[in-house]
Every structure is written in C-alpha cells, then in structure tokens.
Amino acid sequence: MACHPGRSHGYRVRYCGRLPRSFGMADLEVTERIRVGKVSFINTLPIFHPLESGAVQHDFDIIDGTPAVLNALLASDHLDLGVVSSIEYARHFEKYLLLPDLSISCKNEVCSVLLLSRVPLQELEAQEILLTPKSHTSIALLKLLFARRFTVTPRYRVTDYHACGSRWPAGAQAVLAIGDDALQLRQNPEVAMALDLGAAWHEWTGHPFVFAVWALRRETLAQRDGLVHQAHATLLAAKEYGLGHLEEIATAVDQCSWFSRQECVQYLQTIEYDLDGDKQKGLRLFFDMLYEMGELSQRVPLNFLSDADDGKQ
C-alpha cells in the first residue's frame, strides 16, 4: 500500500509480492502472541489504523501482505488469523473458523475491484484479460460473471502486469485490478470501460458481496483459546473506533498525492466491515455457484468461532 499511518507495538513483517520459494518458518519470528494478517490496502485501515496508531491497544503481531500472500501464510501456519480471500476459506474450510462480525464487503459498488478495459465489454470476446495474482476471490468472481451473466468468452492470463500508479500496462487490452492499484489505474485515459465487480454482482443477484473474511486456524483455537477471544474482541473494538474516525484515517492517507482526504472518506464509506445475515446469504450463494461450476470440490458451510464455542458447552 502507498501509505502507512503508523507502526504496531508488535513484530512486523511485510510481504508485498509472491512468497519466495524458500519461504519457511525461519522467515517469521517465533512468538507466543497471536499472528494477525493484514491486507496492505487502504480498505483495511478502519481496523488496522486504530491498532497501529495506538488508539486501540493490542498484544499481537501484524504481518502485511497481499490477499494471495496472506492466503498462503494462513494455510501454511505462518499466521493464526487474518484477512483472507473469501475463496481461501471456501477451499480450506475444514481448517478454518470465521470470526463473527468482520469482513471486507460491499452492498453495491466496491470501487476497488475493477475490470478495466480499452474497449466495451462485448468487444472482449476471445480477447485476453490480464488477471492480478494478488486476489483469488476477484478472479473467481470475474470468471463467474463472464460464465453465467455475460454472453462473452474472453481469455485469461494471470500475470504481474506491473501497473505503476495510473500507468496502463503495456500491450494490455483489459486488466483486473484490485485495491490501491484499481483506485489509481481507473484514472488512466486509456480506460474506456470500468466494470465494478461488486456492483455487477449486486445487480445480478441482489445480494452484497464478501470479498474477504477474517479466518482463524482451528489449531490456534485449540491451543490458545483465551488469546483468540481477546484478539477477536480487540479487532471488533478497532473496527468500532475506525468507523467512527474515518476523517482521521483519511488525513493519514492524504499523504498520498493520488488520493485526497475527501475521496478516501467516500471510498471507505462504500466498504462494509461486518458479516451480517445478508452478507452471509451472498457468501453462500457465491460458494454454491462456484461449486456448480466445478470451481469448488464440495459445498461450503459457514463455520464461525461462536459455533465452536457453543460446541464446547
């Protein structure tokens, strides 16, 4: 992400690209604290800015990365919990529990998950779309929309297309951009069509879309039950503080020349951070559609931390 407002008290590691092939436990400090994964995008700041600025105290370690990197870290036990792609939970739900009341979602437009094209949508038939490797959920949603909603069959290529700020990737006809990349690249004059994937999903299904969830490793709950519940309570407190102080967060982000304070507030107001009943319905529908397409090997239940607590009683 372009700007970081502060530093946490705990150990901090940042992985902005793919994991090195030699990546192992030695790359992260062994700690008794809960290891929390943070997506390095502006849209996570309503939760992480209060933690990193000291407005909400915490005692866990924050590890930065793209959604795809955090997916890999959680799956390989290099994180205890964190923000991960919703499809990462779907693919490994046996290993994870969802933290209640936390997500990165939208009811309609999301503004930062965009198909950007130099030509109209219908002219993408048999054309190549460059897919960012940073987000598995966005790729799955885009392919679902083309397969089930649009009468267009493009070709796909996952690649680090290296969009620098608002500079259009050389030779690209269309790209899937997410997070801060999307917020900048949409300003490029080459863009003739911008499809907001959150809005496209809502127009099609009438449901909100959940791009990311907060997932916890079941093993961590078994080993450190008390710390897990303390971390969950801290994250909820940070969310409450952050959503009540968006102007403060936007002031920190205003250091970025490409994103004004007003634009930041407006953007963050489009994002929703809970996981209420409507969002759960939308998430189940997304998983069911992917299962019917053969993208998931089985139907996916939503298993929450609170369900595990009830099972202990």
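When you read off a place in the sequence shown, starting at 1, and then add 231, the result is the number in the working numbering.
The beta carbon of each residue, even a glycine, is placed where N, CA and C say it ideally should be.
Residue i, DSSP secondary structure in three states
i	result
Ala446	strand
Cys561	Given a span of 232 to 544 for the chain in the structure shown, any question on residue 561 remains unanswerable.
Lys338	coil
Gly313	strand
Tyr504	coil
Ala303	helix
Trp399	coil
Glu354	helix
Val261	Note that Val261 scores 46 on pLDDT, short of 50, meaning its location in the model is unreliable and no value can be drawn from it.
Asp519	helix
Gln415	helix
Ser271	coil
Val383	coil
Beta-carbon proximity of residue i to residue j, cut-off 7 Å
i	j	result
Pro298	Val270	yes
Gly313	Val350	no
Leu355	Val383	yes
Leu376	Ile370	no
Ile265	Ala462	yes
Arg449	Lys326	yes
Leu345	Arg398	no
Leu372	Ala425	no
Ala483	Arg492	no
Identity of the residues DSSP links to residue i by a beta bridge
i	result
Arg388	Leu361
Ala408	Leu345
Gly475	In the DSSP output, where bridge partners are listed per residue, Gly475 has none listed.
Arg266	Asp292
Phe535	Leu329
With a threshold of 8 Å, are at least 3 pairs of Cβ atoms found where one atom belongs to the region 500-510 and the other to the region 319-333?
Short answer: they touch.
Three Cβ pairs or more, each shorter than 8 Å: is that satisfied between the region 302-311 and the region 508-522?
Taking a cut-off of 8 Å on C-beta distances, the region 302-311 does not touch the region 508-522, as fewer than three cross pairs fall below it.
Quick check for students: name the residue ranges of the beta strand (DSSP E) that lie wholly in the region 420-464, counting only runs of 3 or more.
For the region 420-464, the continuous beta strand (DSSP E) assignments of 3+ residues that do not extend past its boundaries occur at 424-427, 440-448, in sequence order.
Determine contact between the region 464-481 and the region 272-284, defined as no fewer than three beta-carbon pairs at a distance below 8 Å.
The region 464-481 is in contact with the region 272-284.
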